[in-house]
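Written out below as structure tokens is the structure these notes cover.
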Amino acid sequence: MQYNAQAIEQKWRKRWEENPINEDTEDKKHYYCLDMFPYPSGNGLHVGHWRGYVLSDVWSRYQILHGYHVLHPMGWDAFGLPAENYAIQKKVHPATATAENVANFKRQLQEISAVYDWDKEINTTDPNYYKWTQWIFLKMFENGLAYEKEMPINWCPSCKTGLANEEVKDGECDRCGSTVTKKNLRQWMLKITAYAERLLNDLEGLEWPEKVKKMQADWIGKSYGAEIDFNVEGMDKSIKVFTTRPDTLYGASFMVLAPEHADVLELATDEQKAEVEKYVFDASTKSSVDRMTDKEKTGVFLGRYAVNPLNGNKLPIWISDYVLADYGTGAIMCVPAHDERDFAFAKKFELPIIQVISKTGEEETLEEAYTEEGIMINSGDFNGMKSSEAKVKIPDYLESKNIGKKTTNYKLRDWVFSRQRYWGEPIPVVHCDCCGVVGVKEEDLPVRLPDVESYEPTGTGESPLAGIEEWVNTTCPKCGGPAKRETNTMPQWAGSSWYFLRYPNPNNDKELISKEDMKKWVPVDMYVGGIEHAVLHLLYARFYTKFLNDIGVVDFAEPFKRLFNQGMVTKDGAKMSKSKGNVVSPDELVEKYGCDSLRMYELFIGPPELDSEWDDRGIEGVYRFLNKVWKLVSENKEVEATKEMERIRHKMVYDITLRMESFNLNTVVSGFMQYTNSLVDLQKQAGGIDHETIKTLIVLLAPFVPHISEELWEMVGETDSVFKQSWPTYDESKMVEDEIEIAVQVSGKMAGKIKVGVDEAEESVLAKAHEVAAARLEGKQIVKEIYVKGRIVNIVAK
Ligand code: ANZ
Ligand code: ZN
1330 MQYNAQAIEQ
1340 KWRKRWEENP
1350 INEDTEDKKH
1360 YYCLDMFPYP
1370 SGNGLHVGHW
1380 RGYVLSDVWS
1390 RYQILHGYHV
1400 LHPMGWDAFG
1410 LPAENYAIQK
1420 KVHPATATAE
1430 NVANFKRQLQ
1440 EISAVYDWDK
1450 EINTTDPNYY
1460 KWTQWIFLKM
1470 FENGLAYEKE
1480 MPINWCPSCK
1490 TGLANEEVKD
1500 GECDRCGSTV
1510 TKKNLRQWML
1520 KITAYAERLL
1530 NDLEGLEWPE
1540 KVKKMQADWI
1550 GKSYGAEIDF
1560 NVEGMDKSIK
1570 VFTTRPDTLY
1580 GASFMVLAPE
1590 HADVLELATD
1600 EQKAEVEKYV
1610 FDASTKSSVD
1620 RMTDKEKTGV
1630 FLGRYAVNPL
1640 NGNKLPIWIS
1650 DYVLADYGTG
1660 AIMCVPAHDE
1670 RDFAFAKKFE
1680 LPIIQVISKT
1690 GEEETLEEAY
1700 TEEGIMINSG
1710 DFNGMKSSEA
1720 KVKIPDYLES
1730 KNIGKKTTNY
1740 KLRDWVFSRQ
1750 RYWGEPIPVV
1760 HCDCCGVVGV
1770 KEEDLPVRLP
1780 DVESYEPTGT
1790 GESPLAGIEE
1800 WVNTTCPKCG
1810 GPAKRETNTM
1820 PQWAGSSWYF
1830 LRYPNPNNDK
1840 ELISKEDMKK
1850 WVPVDMYVGG
1860 IEHAVLHLLY
1870 ARFYTKFLND
1880 IGVVDFAEPF
1890 KRLFNQGMVT
1900 KDGAKMSKSK
1910 GNVVSPDELV
1920 EKYGCDSLRM
1930 YELFIGPPEL
1940 DSEWDDRGIE
1950 GVYRFLNKVW
1960 KLVSENKEVE
1970 ATKEMERIRH
1980 KMVYDITLRM
1990 ESFNLNTVVS
2000 GFMQYTNSLV
2010 DLQKQAGGID
2020 HETIKTLIVL
2030 LAPFVPHISE
2040 ELWEMVGETD
2050 SVFKQSWPTY
2060 DESKMVEDEI
2070 EIAVQVSGKM
2080 AGKIKVGVDE
2090 AEESVLAKAH
2100 EVAAARLEGK
2110 QIVKEIYVKG
2120 RIVNIVAK
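The numbering of the sequence shown is our numbering, which starts it at 1330 and goes up by one.
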């Protein structure tokens, strides 16, 4: 009988539908294995997407075999710009396009045969879902964590919307690649900074890749330093700076303020005012990334001086766009001898360079900024001290004199949370002339997205919703007077920041999650997804969870206990993507080789955490392997287990289990291949394989290739599903090979005896032989070595 993948797969998909393999029973433990849910684009899935989904499914099935009831849900992150842009182009409602895409994604995902809980499916654009996205916003608003602010924000001129810092990569819009500019707009902000310290500290307890934890820590960007006040000469005024290098204070030779600093115009002298105003205007049109990275320094002198509080030096005050308004205090003391940017600025504008730290303790001519630690010089009472010591002593001194204080600073900014677009959750507040901003009443949620004629962004900074008067005009929940609805919508991240809490009870209309489901399922045990979400989604989800913890919705502070980032699938060296035209669709491969082969190849392709190159021939190899397994089992004549069969069985369980536990899934597959080969050899030698060993192989294979495993399981006479079995166990004492004693000869003469395993590798046998023959071999050169397996070692030496 031939292996017929298509027939088998159809048969078992139907069986599983009738008899689910992942069911809750009283005695079962619970395990939550979550995929990052997809954005249902119009492009469909390619084999690159499959990698993560197969991986999490193998893991889920592995947990099922460990006796868990596994929650393995799937849903759709369906709000956002692509659907809206598509709607504008094709003149179809985003909801219509989304529904079509979801149907196609779902069909494709069903081909993976993952054990998804389709009855728990969620969709972020479903009003019953976004009711709770809005509810969380209301709670944040009530708790002072959502607030309005007029501020210059990142603006994508092509998407015509504001963007969060996290959505700007190298100065470009993360979605469309256009250069991001600044625009002054009224924004809704979320105070994620209130959680900076906890977001940083709690990283420690997470079983996440170190790389991701580091990316989050860097993004939060905590730095220790000091705030120091500099008096302005001839004015009753001081300027506060933030520095991480208080040890360099004696080397400050000028100051620079951000062009947006509140005191700039007041400080500028009359002669300088016109030039200053022009510079301030020019800077406002530049993106912050350009400002940080522009090689050529620019700036204008304000005409005024500050005084170094330690040595009384006069420091000219400048403005320059390399100083950012929203970091630290927006003003810096400049130490060109020890900071590269200050060095470049000093060279350009011929400002003094004072060295205060040196390697040797001697002053040198500096060709560039010296940024290392060293010995203090030109620093009054601190001379001769190590700079690391001065870093502590100088702030202490400043505090004692009341001219500065030690502080910490975070790079993390509050989250710009409003979008001027249609296809998102309406922000559930109204603006009332009498009462100001008022939250919508909880019982009036959800605030439904109304139908509009045109989705086109207005470009004025107002969302298309602003044009729908009957929707915008409403009454104030507080005073009943006329009020207008907020017309901004939420960013795409809103729905995905808490979705993992909704899966256990997607239809619960009383609460976001019931206490019972919360206790049973969350936090998530294993989260699988791409590393591209290291700072965006994963940071937001942690923030939301901490907030929901604070208001008592959940009783934990971290959403994802364990995280696994799968590598990308590449082809011809490039990431697989529709835009690169190098996409391999799973549909044809499933048709040709079956789902099991594709599943197994997805994991065989390389270490799961690394990027791996796709090769169509590789799946052919896996397909041949499954045929070999099929032949091994279907043509087997059961025999009594020999010692060697037992040994192989225990060794196989041991190897596969260890590799599973350490997530080396590609080596699990090569292990299957290696052990199947051994079993095929044994089958030839012994005329067959014992029942237990064959059954064990099938159970081990089941998470990877569920259909063929079920079929073979049935073939060997079992009536229950293979997934009702327990993951096999091993006995280490049964894994040792039988040993025999063999002779070692040197040039035909007996040199001693050694003990070797029957199947011990030649290399290791020869090493043992060298040991016993060491005396005989001394001073000689080995010409040739022969190992006759299981019998004798002969070393020819002269
Ligand atoms: C004096 C100094 C001397 C500095 C020296 C550095 C080296 P991180 O580590 O990123 O926190 N700085 C402070 N506020 C700034 C702003 N708004 N825009 C641009 N630069 C700013 O960096 C802190 C350092 O960056 C501060 O320490 C300050 O320069 C600069 F040898 O002060 B330093
Ligand atoms: Zn009112």
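C-beta atoms are modelled at their ideal positions from N, C-alpha and C, and glycine is treated no differently.
The beta strand (DSSP E) that contains residue i, what's its start and end?
i, result
"proline 1481", "1475-1485"
"proline 1724", "Not the beta strand (DSSP E): proline 1724 falls in the alpha helix (DSSP H), residues 1716-1729."
"glycine 1858", "1855-1858"
"asparagine 1302", "Given a span of 1330 to 2127 for the chain in the structure shown, any question on residue 1302 remains unanswerable."
"methionine 2064", "No beta strand (DSSP E) contains methionine 2064, which DSSP labels as neither H nor E."
"asparagine 2123", "2121-2126"
"tyrosine 2116", "2111-2117"
"lysine 2129", "Any property of residue 2129 remains undetermined from this structure, which presents the chain solely from 1330 to 2127."
"aspartate 1364", "1358-1364"
"alanine 1812", "1811-1814"
"valine 1759", "1758-1761"
"methionine 1330", "It is not in any beta strand (DSSP E) - methionine 1330 carries neither H nor E in the DSSP assignment."
Once the 5 residues before and after residue i are set aside, which same chain residues still bring their CB inside 8 Å of it?
i, result
"valine 1781", "Tyr1751, Pro1793, Leu1794, Gly1796, Ile1797"
"glycine 1473", "Lys1520"
"serine 1999", "Phe1933"
"valine 1864", "Glu1495, Met1544, Gln1545, Trp1548"
"glutamine 2074", "Ala2080, Ile2121, Val2122, Asn2123, Ile2124"
Note the first and the last residue of the continuous alpha helix (DSSP H) segment covering residue i.
i, result
"asparagine 1414", "1410-1419"
"valine 1951", "1945-1963"
"leucine 1271", "The displayed coordinates of the chain run from 1330 to 2127. Any statement about residue 1271 would go beyond what the structure contains."
"histidine 1866", "1865-1879"
"valine 1307", "Look at the range of the chain in this structure, 1330 to 2127, and you will see that residue 1307 is not part of it."
"asparagine 1433", "1423-1440"
Taking the straight line between their C-alpha atoms, what separation do you get for residue i and residue j?
i, j, result
"valine 1853", "phenylalanine 1889", "5 Å"
"lysine 1730", "asparagine 1738", "22 Å"
"asparagine 1707", "methionine 1714", "11 Å"
"serine 1567", "glycine 1550", "27 Å"
"histidine 1401", "valine 1383", "12 Å"
"glutamine 1437", "arginine 1527", "40 Å"
"methionine 1819", "histidine 1862", "18 Å"
"serine 1906", "glycine 1371", "13 Å"
"phenylalanine 2001", "phenylalanine 1893", "23 Å"
"glutamate 1595", "tyrosine 1608", "15 Å"
"glutamate 1771", "threonine 1427", "28 Å"
"aspartate 1668", "glutamine 1684", "11 Å"
"valine 2034", "alanine 1970", "26 Å"
Is residue i helix, strand or coil when you go by DSSP?
i, result
"glutamine 1273", "Residue 1273 lies beyond the residue range present for the chain, which begins at 1330 and ends at 2127; the question has no answer from this structure."
"glycine 1805", "Note that residue 1805 corresponds to cysteine in the displayed sequence, not to glycine. Three-state result, cysteine 1805: coil."
"threonine 2005", "helix"
"tryptophan 1517", "strand"
"alanine 1978", "Rather than alanine, the amino acid found at residue 1978 in this sequence is arginine. Three-state DSSP puts arginine 1978 in a helix."
"lysine 1551", "coil"
"lysine 1566", "coil"
"glycine 2000", "helix"
"phenylalanine 1559", "strand"
"tryptophan 1537", "coil"
"glycine 1657", "coil"
"glycine 1824", "helix"
"cysteine 1924", "helix"
"isoleucine 2027", "helix"
"phenylalanine 1893", "strand"
"alanine 1635", "strand"
"serine 1941", "strand"
"proline 1793", "helix"
Can you name, in chain order, every residue of its own chain whose Cβ lies under 6 Å from the Cβ of residue i, other than the five neighbours on each side?
i, result
"threonine 1490", "Arg1748, Gln1749, Arg1750"
"glycine 1790", "Leu1514, Gln1749"
"asparagine 1560", "Ser1567, Val1636"
"alanine 1612", "Pro1588, Asp1650"
"threonine 1816", "Ser1792, Leu1794, Ala1795"
"glycine 1753", "Phe1408, Thr1818, Met1819"
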